[in-house]
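J.: Going by my numbering, the residue at position 66 of the sequence shown is 66; the numbering climbs one at a time, nothing skipped.
A virtual CB, placed ideally from N, CA and C, is assigned to each residue, including glycine.
Here the structure is a predicted model, which means the values were calculated and not measured.
This structure is in structure tokens; I'll ask about it shortly.
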Amino acid sequence: MIIYEFKVKGKDAQYRAIDEAILTSQFIQNKCLRYWMDNEKVGRYDLNKYCAVLAAEFPFADELNSMARQAAAERAWSAIARFYDNCKRKIKGKKGYPKFKKHCRSVEYKTSGWKLSLNRKAISFNDKKGIGTLKLKGTYDLNFYDIKQIKRVRLVRRADGYYAQFAVDVKVRIETEPTRHIVGLDLGLKYFLADSDGNTIGSPQFYRKSECQLNRANRKKSKKFKKSAKPQSKNYHKARNRYARKHLRVSRQRKEYCKRVAYSVIQSNDLIAYEDLNVQGLVKNRHLAKSISDAGWSTFRKWLEYFGFKYGKQTIAVAPHNTSQNCSSCGKRVKKSLSTRTHVCPHCGFVEDRDVNAAINILKLALSTVGHTGTYAWGDLPSWAVGAILLSNGESVNQESHSLSSVGVSMS
Numbered sequence: 001m002i003i004y005e006f007k008v009k010g011k012d013a014q015y016r017a018i019d020e021a022i023l024t025s026q027f028i029q030n031k032c033l034r035y036w037m038d039n040e041k042v043g044r045y046d047l048n049k050y051c052a053v054l055a056a057e058f059p060f061a062d063e064l065n066s067m068a069r070q071a072a073a074e075r076a077w078s079a080i081a082r083f084y085d086n087c088k089r090k091i092k093g094k095k096g097y098p099k100f101k102k103h104c105r106s107v108e109y110k111t112s113g114w115k116l117s118l119n120r121k122a123i124s125f126n127d128k129k130g131i132g133t134l135k136l137k138g139t140y141d142l143n144f145y146d147i148k149q150i151k152r153v154r155l156v157r158r159a160d161g162y163y164a165q166f167a168v169d170v171k172v173r174i175e176t177e178p179t180r181h182i183v184g185l186d187l188g189l190k191y192f193l194a195d196s197d198g199n200t201i202g203s204p205q206f207y208r209k210s211e212c213q214l215n216r217a218n219r220k221k222s223k224k225f226k227k228s229a230k231p232q233s234k235n236y237h238k239a240r241n242r243y244a245r246k247h248l249r250v251s252r253q254r255k256e257y258c259k260r261v262a263y264s265v266i267q268s269n270d271l272i273a274y275e276d277l278n279v280q281g282l283v284k285n286r287h288l289a290k291s292i293s294d295a296g297w298s299t300f301r302k303w304l305e306y307f308g309f310k311y312g313k314q315t316i317a318v319a320p321h322n323t324s325q326n327c328s329s330c331g332k333r334v335k336k337s338l339s340t341r342t343h344v345c346p347h348c349g350f351v352e353d354r355d356v357n358a359a360i361n362i363l364k365l366a367l368s369t370v371g372h373t374g375t376y377a378w379g380d381l382p383s384w385a386v387g388a389i390l391l392s393n394g395e396s397v398n399q400e401s402h403s404l405s406s407v408g409v410s411m412s
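Laid out in structure tokens, this is it:
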């Protein structure tokens, strides 16, 4: 499955219709979640049947396509199934009890409710919401695929406009020549990553570089806000949109950078080892939370695992415990604080950069597990494959750029 995304162009009335469809999808998702909470032994198909009950009870729900209603119910069930799975696995901490959606940004259609034009440059939605025909602006060409291969269509609202995403059922596996090289990666804050060969890639710090502009835009937004005004003025919404677009730009920069580095690593190696970091737990450190979030470790891991699956390369996540403290030469424990950036072993005299030393340890751990655990050291699915359909926030980890064929980031 691969995702193609286009920006859609329409009239203001059509955009309002898309917003209405998104709100309806959110309403159905929340109603299905409430139905599951109030009744015992409710399954996936029970939620799909409940969509028909909601359509009969609420006229605005009946205006949405029946398969779009089912897709909203599937979103609710996805959260429920994840909660059940976390409980069965007995993960530490909170199990992710499903929550009601407050700010949904997308509506998803399955195989009905939409129709592409003959040249595949426009899409029409034929339910009663009145969205009509929207022009598709993008560089991808849908003519290469049969209509039956398009399994889902999603309309997404973002700060800079509306987008259409197409989930196309195609084979993504590509055979490549082996490079006969393996590498261990250590993700950090000083360097974006350091590998076991001694190479490092600097951290771009997109948020840090844009922080002054973001703070200025946020102050301007706050000045336009009036506490007693309902609704807020048009100037406030304009300032709010400008602020959101700046954040969207930073997010896209980080995603594209992680994608390019991951692609370069996969193309250069046959086996890639990396730490199985608990980023959700690490960001609870209030002194480092901003820097960790700006680094984009989770995004990089998702793209690394996706490209590894696509090009048939092994990606192995290993436990991060003591990878920075152990000496990669003799294996002895050498205690050091975060401020100590150079590893100096008093036992064998080995001197190396802290992150490079950790990368070597990560590779050794991966090689000790690859013989009996398979591609993924913990036996789980790769993170990009969890929830094989489109992500609920409108993003997609396997949404590639044409520019990846000429990647400008290298490990050397």
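If you measure from the beta carbon of Y243 to each beta carbon in chain C, is any gap under 8 Å?
T.: This model lacks chain C altogether, as it is built from one protein chain only.
J.: So which of K246, C345 and K255 has the shortest CA-CA distance to N215?
T.: The candidate whose alpha carbon is nearest that of N215 is K246.
J.: Can you confirm whether the segment 260-272 touches the segment 159-168 when touching is taken to mean that 3 or more C-beta pairs between the two stretches lie within less than 8 Å?
T.: With a cut-off of 8 Å, the segment 260-272 and the segment 159-168 do not count as touching, because too few Cβ pairs lie within range.
J.: So, under 8 Å CB-CB, C327 and V318 are touching, yes? Tell me the CB distance rounded to an integer number of Å.
T.: Wrong, their Cβ atoms sit about 17 Å apart, outside the cutoff.
J.: Looking at the strands, I want to know which residues DSSP matches up with I150.
T.: Per DSSP, V168.
J.: Cα separation between V356 and L116?
T.: If you take the alpha carbons of V356 and L116, they lie about 51 Å apart.
J.: Can you check which of these residues, D294, F225 and N241, is closest to C258 by C-alpha distance?
T.: Comparing Cα positions, the closest option is D294.
J.: If we count the other Cβ atoms within 10 Å of its Cβ and call it buried at 16 or more, is V53 buried or exposed?
T.: The residue in question, V53, is exposed, as its Cβ has fewer than 16 Cβ neighbours within 10 Å.
J.: According to DSSP, is K336 part of a helix, a strand, or is it coil?
T.: Reduced to three states, the DSSP call for K336 is coil.
J.: Please confirm whether Y140 and V170 have their CB atoms less than 8 Å apart.
T.: Taking 8 Å as the Cβ cut-off, Y140 and V170 do not qualify as a contacting pair.
J.: Give the straight-line distance between the Cα atoms of V8 and A239, rounded to the nearest whole angstrom.
T.: Each residue's alpha carbon lies about 23 Å from the other.
J.: Which residues does DSSP list as the beta-bridge partners of E108?
T.: Partner(s): R154.
J.: Do three or more CB pairs link the segment 55-66 to the segment 12-30 at distances below 8 Å?
T.: Cβ pair count under 8 Å is three or more, so yes.
J.: Using a threshold of 8 Å, state whether the C-beta atoms of A68 and E108 are closer than that.
T.: Closer than 8 Å, so yes.
J.: For L288, which three-state DSSP category applies?
T.: Looking at L288 - three-state DSSP - the assignment turns out to be coil, as it is neither helix nor strand.
J.: When DSSP labels each residue in this structure, what does T24 get in the three-state scheme?
T.: T24: helix per DSSP, three-state reduction.
J.: Can you give the Cα-Cα distance for G184 and I3, rounded to whole angstroms?
T.: Their Cα atoms are separated by approximately 30 Å.
J.: What is the residue span of the beta strand (DSSP E) that H343 lies within?
T.: T342 to V344 is the extent of the beta strand (DSSP E) around H343.
J.: Suppose the cutoff is 8 Å on Cβ atoms and the five residues either side in sequence are ignored; what does the same chain contact list for L248 look like?
T.: The residues are R158, A159 and D160.
J.: Considering only the beta carbon of each residue, do H343 and C330 sit closer than 8 Å?
T.: For H343 and C330, no; Cβs fall outside 8 Å.
J.: For V283, which of helix, strand or coil comes out of DSSP?
T.: It is coil, neither helix nor strand.
J.: Which partner residues of D353 appear in the DSSP bridge assignment?
T.: DSSP lists T342 as partners of D353.
J.: Can you give the beta carbon distance from I362 to T315, rounded, assuming they're within the 8 Å contact cut?
T.: The pair is not a contact, with the Cβ atoms about 12 Å apart (cut-off 8 Å).
J.: According to DSSP, is F125 part of a helix, a strand, or is it coil?
T.: Strand.
J.: Go through its chain and collect everything with a Cβ distance to M37's Cβ below 6 Å, but skip five positions before and after it.
T.: None.
J.: Counting C-beta neighbours from all protein chains within 10 Å, is the total for C212 16 or more, i.e. buried, or is it exposed?
T.: When all chains shown are included, C212 counts as exposed.
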